[in-house]
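Single-structure report; data block below.
This is the structure:
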């Protein structure tokens with residue numbers, strides 16, 4: 052089987068990481084893979100923020116947790132109240148994907164870039180998890196200054212993030228895949 056198909060089938064959302072720092076070279080390879088994602092009219096309406104500063108990662112998690120606790124949705128409140136909750140699962144590296152606000156296709160284009168991030172991480176033996184709850188960090192107190200602190204350019208907004216690190220456990224089980232979701236004509 053083609054190597055890319057093996058990587059696709061092997062990739063799992065990893066939520067338990069070793070504390071070891073991710074090599075800078077590996078992060079550069081992962082981000083380079085994101086740069087090669089398809090985008091509408093090849094406009095590439097994205098920006099990538101790579102964070103390895105543990106203090107900053109924890110601060111973003113704390114801001115998200117505070118905003119989730121204050122949210123009207125009880126499921127977010129319950130999630131934030133979980134013992135040892137950390138929006139990035141204590142990963143040693145995070146990549147935030149931001150999209151150009153003026154681009155009507157930025158969400159789809161940045162989602163394609165996120166998929167490349169996840170697949171490249173797996174190909175390098177890294178674990179990764181697509182995390183959306185981090186967006187709460189931008190809603191609460193202190194969140195308005197966060198884009199500037201993270202180097203997100205004016206006119207861009209954070210859309211997605213990936214928690215990355217070395218897997219604390221291997222061989223995660225393959226969940227059953229739906230087979231009745233395909234129509235051939």
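Numbering (my numbering), first residue to last: 52 to 236.
For glycine and all other residues, C-beta sits at the position ideal for the given N, C-alpha and C.
Check, Outcome
"Just checking, does the region 143-150 make contact with the region 102-120 on the three C-beta pairs under 8 Å criterion?", "yes"
"Count the other CB atoms within 10 Å of the CB of residue 157; is the residue buried (16 or more) or exposed (fewer)?", "buried"
"Quick one, which of 109, 227, 160 has its alpha-carbon nearest residue 137's?", "109"
"Give the secondary structure of residue 234 by DSSP, where H, G and I count as helix, E and B as strand, and everything else as coil.", "coil"
"Distance check for residue 170 and residue 89, CA to CA, integer angstroms please.", "14 Å"
"Determine the burial state of residue 150: buried for a count of at least 16 other Cβ atoms within 10 Å of its Cβ, exposed for fewer.", "buried"
"Please state whether DSSP places residue 126 in a helix, a strand or coil.", "helix"
"Could you tell me which residues DSSP pairs with residue 212 in its beta bridges?", "147, 182"
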